[in-house]
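Just so we're aligned, residue -8 is where the sequence shown starts under my numbering, counting upward by one. In this text, a Cβ means the ideal position worked out from N, Cα and C, and glycines have one as well.
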Amino acid sequence: MDVTVFSTKPYDRAFLDAAAGTRHRLHHLEARLSPATAVLAKGAGAVCAFVNDTVDAAVLAEFQRLGVGLVALRSAGFNNVDLAAAKGAGIAVARVPAYSPEAVAEHTVALILALNRNIHRAYARVREGNFALEGLMGFNLHGRTVGVVGTGRIGVGVIRILMGFGCRVLAFDPFPNPETAALGATYVPLAELLAAAEIVSLHCPLTPETHHLVDAGAIATMKRGVMLINTSRGGIVDTRAVVDGLKDGAIGHLGLDVYEEEADLFFEDLSDHVIRDDVFARLQTFPNVLITGHQGFFTAEALSAIAETTMANITAFEETGEALHPVTMAHRA
Ligand code: NAI
């Protein structure tokens, strides 16, 4: 099948081409998918899209006109897709539900450890010949209470690692997962989790219900000096409220791999440009904030699994009319 692949970087191409073999003809584009670029899918039976591509009603209407039958996401999250519009246009949507939850779980813990022990600051200091320890004091993870919001594949992966550190883990999820209790974590209501946790880590999808789940009201109920970690989706956190929380000390550490307005920033080298996003620029001024540019998924194992599953979705769609891992309206429920 001919597949137009949006938002590709050289590393994507290498893994996708290897997985496609001679079975599919991939047309790689650097361009992001948007209503303006959707027409580039002309001639393709399927489109392959990534996290910051826009798959809205206008894009899907254009795909319908062009005869594109499948949008194969190279991601687990699908908040960037208008599923109702896809259904209306008769276009199937597929995703990669679990390419490597450990990749994101391990990155989450990397952020926690780096922030807690000020590794980001120590690295810069030592390179400058500054071996002073003032300002670098951390705290033991052993015995600390961590709140995990969302106990799907990644959340459970984080819990598994944290248990190894000797943390006490509180969890919240509207759909409890038996593995969570088996690992020794305890489900509690969200309000209880936010009030008790010294570290709060977000692992739920971005939905209308989770949009700005961490806002000024939620921050006011958290332990003073809490460490907040978000490797899920930027929109789950109200960034302006978090900036206020950092300024007054309500939030003691912030680790982000995702950001509400990341589509204009992440995955690009903007080092020669002025950052025009004042909220993002303010975040970067805090010594207790560590931001990575949506790299939680970025391991060799994960890229390989993403490519294999994406091609399996496309092959199944070509052979049966249904992808291996379809996303339907039911996933929103
Ligand atoms: P998953 O679907 O296995 O688990 C999500 C869990 O969140 C489910 O158990 C669900 O019941 C729960 N949930 C739904 N609504 C909730 C709510 N209101 N409050 C608390 N929990 C809620 O998904 P997985 O694979 O664990 O991924 C989690 C999220 O991580 C994805 O949705 C995606 O946005 C993000 N992600 C980030 C990556 C990165 O590179 N930083 C890579 C992959 C995923």
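- Straight-line measurement puts the Cα of V228 at about 24 Å from the Cα of V87.
- Cβ contact annotation for A49 (same chain, cutoff 8 Å, sequence separation greater than five): P26, A29, in chain order.
- Ligand 1 has no heavy atom closer than 7 Å to the beta-carbon of A307.
- Secondary structure at I282: strand, using DSSP grouped into helix, strand and coil.
- V50 has its CB no nearer than 7 Å to any heavy atom of ligand 1.
- Between I266 and L274, the C-beta spacing is not below 8 Å.
- Between T212 and A186, the C-beta gap is smaller than 8 Å, which places the two residues in contact.
- Distance from the CA atom of A77 to the CA atom of P317, rounded to whole angstroms, is 12 Å.
- Across the structure, V38 and D3 are spaced so that their CA atoms are roughly 15 Å apart.
- Annotation for M218: the continuous beta strand (DSSP E) segment containing it runs 217 to 221.
- Excluding residues up to 5 positions away in sequence, V(-6), V(-4), L7, D8, A11 lie with their Cβ nearer than 7 Å to the Cβ of L17 in the same chain.
- Collapsing the DSSP output to three states places A96 in a helix.
- Beta-bridge partners assigned by DSSP to L204: none are found.
- Between the alpha carbons of P180 and C158 lies a gap of roughly 19 Å.
- Scanning the segment 20 to 60 from its first residue to its last, the whole beta strand (DSSP E) runs of 3-plus residues come out as 37 to 40.
- At least one heavy atom of ligand 1 sits closer than 7 Å to the Cβ of H285.
- About 15 Å separates the beta carbon of Q55 from that of G34, a gap too long to meet the 8 Å contact definition.
- Sequence-distant partners of S(-2) (beyond 5 residues in either direction) whose C-beta falls short of 8 Å from its own C-beta, in its chain, are L20, E21, A22, R23, L24, A40, F41, N43, D44, F258.
- The shortest CA-to-CA distance from R151 to any of N121, L57, E97, L245 is the one to E97.
- Excluding five sequence positions before and after I297, the CB atoms of its chain that fall closer than 6 Å to its own CB belong to R65, V87, Y90, given in chain order.
- Given a length threshold of 4 residues, each whole run of the alpha helix (DSSP H) inside the segment 62 to 131 is given here in chain order: 74 to 80, 92 to 107, 110 to 118.
- Proximity to F156 across I210, I103, G226, N70 peaks at I103, based on C-alpha coordinates.
- Check the Cα spacing between A188 and each of V100, E313, A162, D255: the tightest is with A162.
- Within the model, the alpha-carbon separation for F122 versus G68 is close to 42 Å.
- DSSP places A241 outside both helix and strand once states are collapsed to three, so it counts as coil.
- Between the segment 236 to 243 and the segment 212 to 223 there are three or more inter-stretch CB-CB distances shorter than 8 Å, so the stretches are counted as touching.
- Ranking T230, D255, E125 by CA distance to the CA of L247 puts T230 first.
- Exclusion of the five residues before and after R112 leaves G126, L127, P278 as the residues of its chain whose Cβ lies within less than 8 Å of its Cβ.
- Counted as a single uninterrupted DSSP element, the stretch harbouring G155 is not any beta strand (DSSP E) but the alpha helix (DSSP H) occupying residues 144 to 156.
- With a cutoff of 8 Å on beta-carbon distance, L61 and I220 are scored as not near each other.
- Within the same chain, C158, E189 come within 6 Å of R135 by CB-CB distance, once the 5 residues on both sides are set aside.
- Residue side-chain check: A188 keeps its Cβ at 7 Å or more from all non-hydrogen atoms of ligand 1.
- Nearest neighbour of G129 by Cα position, chosen from G36, R108, G138, G58, turns out to be R108.
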